[in-house]
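Chains as they are written, first to last, in our numbering: chain X, 1 to 241; chain L, 242 to 482.
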């Protein structure tokens with residue numbers, strides 16, 4: 001199954017001024033497409049840091065998705081970082097430059113021209129809904145940091161990312177984790193390929209633990225669900241779905 | 242100034258089922274304390290992955306804060322990962338075991354005893370408000386994943402983390418980024434130590450870009466703010482604070 005790493009670039013996240021909503025969005029979307037997100041990392045707008053993280057993630061995952069640092073200002077250095085990761089020069093791309101000219105009334109200034117600069121040999125994914133095409137360097141897909149724009153861009157290219165999606169089943173249990181831990185361990189011995197999550201909740205009225213059972217095989221998930229329901233006290237199961 | 246890395250451990254974040262609220266909380270808190278968060282990484286509940294990330298972060302940052310993976314179930318392997326990072330054995334700690342026994346009515350079962358197991362040679366930070374003391378291994382501070390518990394624990398030990406806090410000033414500008422990019426670059430030449438952020442907003446009625454000016458020196462931040470206000474068109478400044 002394809003794997004992905006998400007690289008969030010931006011001082012504003014690390015300093016606590018902005019909450020990153022892009023990685024939760026991407027995790028949900030990629031999950032639904034059957035792509036396994038294996039790491040999310042947030043780093044500052046520093047060229048060397050971006051370069052080393054991109055190089056490492058590109059080696060380890062099938063897809064790398066970056067978010068942020070592609071605007072016209074001094075702190076937008078993502079393109080430089082990705083160029084450095086693959087030892088490529090930065091060059092102005094004529095396709096993007098033309099798009100920018102079409103949208104601008106007058107001449108482009110220095111900061112607008114900056115937005116046409118991409119690593120040499122970059123690929124582009126275009127779609128009717130996009131103002132500027134998505135820039136791709138090797139297996140690195142470069143998205144803007146503004147959530148509305150990132151989502152619009154992802155919608156335009158989502159068919160590029162695909163795998164077999166997971167089936168998710170849930171059991172809401174009205175016992176403490178330590179009381180059901182043995183049942184969970186036994187379940188995993190019977191269903192070793194199951195992805196089993198156990199999430200204690202406080203301040204919930206009707207249950208104490210949410211159990212999630214996931215598999216790419218719907219039948220396997222159903223059999224595991226049935227097996228676990230058989231292992232729990234019927235009175236302890238608030239709901240199964 | 243002290244630096245920190247945050248390591249979020251949990252499959253539920255990567256699969257998009259749960260949105261991580263711990264790292265935004267920690268970033269805000271540490272910022273207010275004057276500690277620079279330089280990286281946030283989210284990884285799955287896998288011992289080897291935890292071990293290698295902890296080793297790397299421990300080497301690079303003054304403080305490492307982990308969140309998640311410390312409960313009683315099969316997928317709680319953070320202690321094992323941290324023990325492996327520093328090549329220490331895991332052992333049952335008598336202090337924590339006693340606390341657990343005090344809170345439990347009967348005998349402790351296997352999964353409850355698991356919560357007393359920590360890397361050998363761990364340190365503990367205790368406070369009146371904590372049920373179980375915070376476990377610290379070298380410079381790694383181990384927090385639970387449940388946000389209410391993490392926050393309670395952090396509140397109990399926050400005076401351990403300290404530096405000189407930043408002063409944050411803001412200007413709300415009613416022009417596009419590319420129209421003010423030159424002014425920002427000139428400002429940074431005059432104030433090279435300023436942390437300057439530029440955040441375009443769409444769907445805001447009264448401004449198009451939020452500029453943030455930060456420094457640990459309040460006077461430096463004020464002088465930079467005044468200088469930037471002098472560089473912008475007065476009619477383009479919606480608000481400065």
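In this text, a Cβ means the ideal position worked out from N, Cα and C, and glycines have one as well.
Inset, instruction - Would you check if the segment 333–341 of chain L and the segment 290–306 of chain L touch, i.e. whether three or more CB-CB distances between them fall below 8 Å? - result: At 8 Å Cβ cutoff, the stretches do not touch.
Inset, instruction - State buried or exposed for residue 273/L, treating a residue as buried only when at least 16 other CB atoms are found within 10 Å of its CB. - result: Looking up residue 273/L in the second chain gives position 32. Exposed, by the Cβ-count rule.
Inset, instruction - Let me know the secondary structure DSSP gives residue 419/L once reduced to three states. - result: Sequence index remark: in the second chain, residue 419/L carries index 178 (1-based). Three-state result, residue 419/L: helix.
Inset, instruction - Would you mind telling me which residues of chain L sit closer than 8 Å to residue 133/X, beta carbon to beta carbon, in chain order? - result: Stepping through the first chain from its first residue, residue 133/X is reached at position 133. Chain L residues near residue 133/X: none, gap ~19 Å exceeds 8 Å.
Legend entry - chain X contact residues for residue 441/L, given Cβ-Cβ distances below 8 Å: On the second chain, position 200 is the one that residue 441/L refers to. Those are 71 and 146, listed as they occur along chain X.
Inset, instruction - Please report the Cβ distance between residue 143/X and residue 66/X, rounded to the nearest whole angstrom; I am assuming they are in contact, meaning their Cβ atoms lie under 8 Å. - result: Translated into positions along the first chain, residue 143/X becomes position 143. Translated into positions along the first chain, residue 66/X becomes position 66. About 6 Å separates the beta carbon of residue 143/X from that of residue 66/X, a gap short enough to meet the 8 Å contact definition.
Legend entry - Option nearest residue 192/X by Cα separation, candidates 200/X, 227/X and 202/X: Within the first chain, the letter at position 192 stands for residue 192/X. Here the closest residue by C-alpha is 227/X.
Inset, instruction - Taking only beta carbons into account, state which residues of the segment 397–419 of chain L come closer than 9 Å to chain X, listed in chain order. - result: The residues in question are 407, 409, 417, 418 and 419.
Inset, instruction - Using a Cβ cut-off of 8 Å (strictly closer), state whether residue 255/L contacts chain X. - result: As a first step, residue 255/L must be located in the second chain, where it is residue number 14. Contacts with chain X at 8 Å (Cβ-Cβ) include residue 255/L.
Legend entry - Alpha-carbon to alpha-carbon, residue 52/X and residue 75/X: Here the question's residue 75/X lines up with position 75 in the first chain. Here the question's residue 52/X lines up with position 52 in the first chain. Going from the Cα of residue 75/X to the Cα of residue 52/X covers about 18 Å.
Legend entry - Limits of the beta strand (DSSP E) - the one that residue 8/X falls within: Here the question's residue 8/X lines up with position 8 in the first chain. Note, residue 8/X: beta strand (DSSP E), 3–9.
Inset, instruction - Could you tell me which uninterrupted alpha helix (DSSP H) segments, each at least 4 residues in length, are contained entirely in the segment 303–379 of chain L, listed from first to last along the chain? - result: You should have 319–326, 335–344 and 351–355.
Legend entry - Secondary structure of residue 26/X, DSSP reduced to three states: As a first step, residue 26/X is located in the first chain; it is residue number 26 there, counting from the start. Correct three-state label for residue 26/X: helix.
Legend entry - the segment 132–147 of chain X contacting the segment 162–182 of chain X, beta-carbon criterion three pairs below 8 Å: In short, these stretches do not touch, since the Cβ pair count stays below three.
Legend entry - CA-to-CA distance, residue 89/X to residue 107/X, given in whole angstroms: If you number the first chain from 1, residue 107/X lands on position 107. If you number the first chain from 1, residue 89/X lands on position 89. If I take the Cα positions, the gap works out to 25 Å.
Legend entry - Spatially closest choice to residue 83/X from 121/X, 114/X and 73/X, by CA coordinates: Here residue 83/X corresponds to residue number 83 of the first chain, with the count starting at 1. Among 121/X, 114/X and 73/X, the Cα nearest to that of residue 83/X is on 121/X.
Inset, instruction - State the start and end residues of the unbroken alpha helix (DSSP H) segment that holds residue 405/L. - result: As a first step, residue 405/L must be located in the second chain, where it is residue number 164. No alpha helix (DSSP H) contains residue 405/L, which DSSP labels as neither H nor E.
Legend entry - Member of 154/X, 113/X and 146/X whose CA lies at the smallest distance from the CA of residue 126/X: Residue numbering aside, residue 126/X sits at position 126 when the first chain is read from its first letter. Out of 154/X, 113/X and 146/X, 154/X has the C-alpha closest to the C-alpha of residue 126/X.
Inset, instruction - Closer than 7 Å by C-beta to residue 322/L: which residues in its own chain qualify, once you throw out the five before and the five after it? Chain order, please. - result: Reading the second chain from its first residue, position 81 is the one you call residue 322/L. 288, 291, 292 and 295.
Inset, instruction - Please classify residue 256/L: does DSSP put it in a helix, a strand, or coil? - result: Residue numbering aside, residue 256/L sits at position 15 when the second chain is read from its first letter. It is coil, neither helix nor strand.
Inset, instruction - Going by CA-CA distance only, name the one from 12/X, 233/X, 5/X and 116/X that's closest to residue 26/X. - result: Position 26 of the first chain, counting from 1, holds the residue named residue 26/X. The candidate whose alpha carbon is nearest that of residue 26/X is 5/X.
Inset, instruction - Indicate whether at least one CB of chain X lies closer than 8 Å to the CB of residue 422/L. - result: The residue you call residue 422/L lines up with position 181 of the second chain. Interface residue, yes.
Inset, instruction - Give a yes or no on whether 8 Å exceeds the smallest Cβ distance from residue 447/L to chain X. - result: For this step, residue 447/L is matched to residue 206 along the second chain. For residue 447/L, the closest Cβ of chain X is not nearer than 8 Å.
Legend entry - Counterpart residues of residue 143/X in DSSP-defined beta bridges: Your numbering for residue 143/X matches position 143 in the first chain. For residue 143/X, which the question treats as bridged, DSSP gives the partners 67/X.
Inset, instruction - Thinking residue 297/L and residue 14/X are a contact (beta carbons under 8 Å), I'd like their distance in whole angstroms, please. - result: The sequence position of residue 297/L within the second chain is 56, counting from 1. The sequence position of residue 14/X within the first chain is 14, counting from 1. About 17 Å separates the CB atoms of residue 297/L and residue 14/X; that is not less than 8 Å, and the two are not in contact.
Inset, instruction - Taking all protein chains shown into account, decide if residue 399/L is buried (16 or more other Cβ within 10 angstroms of its Cβ) or exposed. - result: Locating residue 399/L in the second chain gives position 158, counting from the first residue. By the neighbour-count rule (16 or more Cβ atoms within 10 Å), residue 399/L is not buried but exposed.
Legend entry - residue 452/L versus residue 17/X - alpha carbon distance: Taking the second chain and counting its residues from 1, the one referred to as residue 452/L is at position 211. Taking the first chain and counting its residues from 1, the one referred to as residue 17/X is at position 17. Between residue 452/L and residue 17/X, the C-alpha separation is close to 12 Å.
Inset, instruction - Could you tell me the distance, in whole angstroms, from the CA atom of residue 275/L to the CA atom of residue 409/L? - result: Taking the second chain and counting its residues from 1, the one referred to as residue 275/L is at position 34. Taking the second chain and counting its residues from 1, the one referred to as residue 409/L is at position 168. Using only the alpha carbons, I get a separation of about 12 Å.
Legend entry - Selected residue, minimal CA-CA separation from residue 277/L, among 457/L, 393/L and 263/L: In the second chain, residue 277/L corresponds to position 36, counting from 1. Considering only alpha carbons, the answer is 457/L.
Inset, instruction - Would you list the one or two residues that DSSP bridges to residue 198/X? - result: Translated into positions along the first chain, residue 198/X becomes position 198. In the DSSP secondary-structure assignment, residue 198/X is bridged to 211/X.
Legend entry - Contact set for residue 355/L: own chain, Cβ-Cβ below 7 Å, skip 5 residues either direction: The residue given as residue 355/L occupies position 114 in the second chain. Result list for residue 355/L: 313, in chain order.
Legend entry - Reference residue 415/L, options 353/L, 480/L, 437/L and 388/L, closest by Cα: Counted from its first residue, the second chain places residue 415/L at position 174. Nearest C-alpha to residue 415/L among 353/L, 480/L, 437/L and 388/L: 480/L.
Legend entry - Cutoff 6 Å; reference residue 419/L; Cβ partners in own chain excluding five residues on either side: For the purposes of this step, residue 419/L is taken as residue 178 along the second chain, with counting starting at 1. The answer is none, since no qualifying residue turns up.
Inset, instruction - Could you pull the start and end residues of the beta strand (DSSP E) that residue 478/L belongs to? - result: As a first step, residue 478/L is located in the second chain; it is residue number 237 there, counting from the start. Annotation for residue 478/L: the continuous beta strand (DSSP E) segment containing it runs 478–481.
Legend entry - Candidates 8/X, 219/X and 2/X: closest to residue 145/X by CA position: Taking the first chain and counting its residues from 1, the one referred to as residue 145/X is at position 145. Nearest option by C-alpha distance: 8/X.
Legend entry - Distance between residue 390/L and residue 40/X (C-alpha atoms, nearest Å): Position 40 of the first chain, counted from the start, is the residue given in the question as residue 40/X. Position 149 of the second chain, counted from the start, is the residue given in the question as residue 390/L. When rounded, the distance between both Cα atoms is 23 Å.
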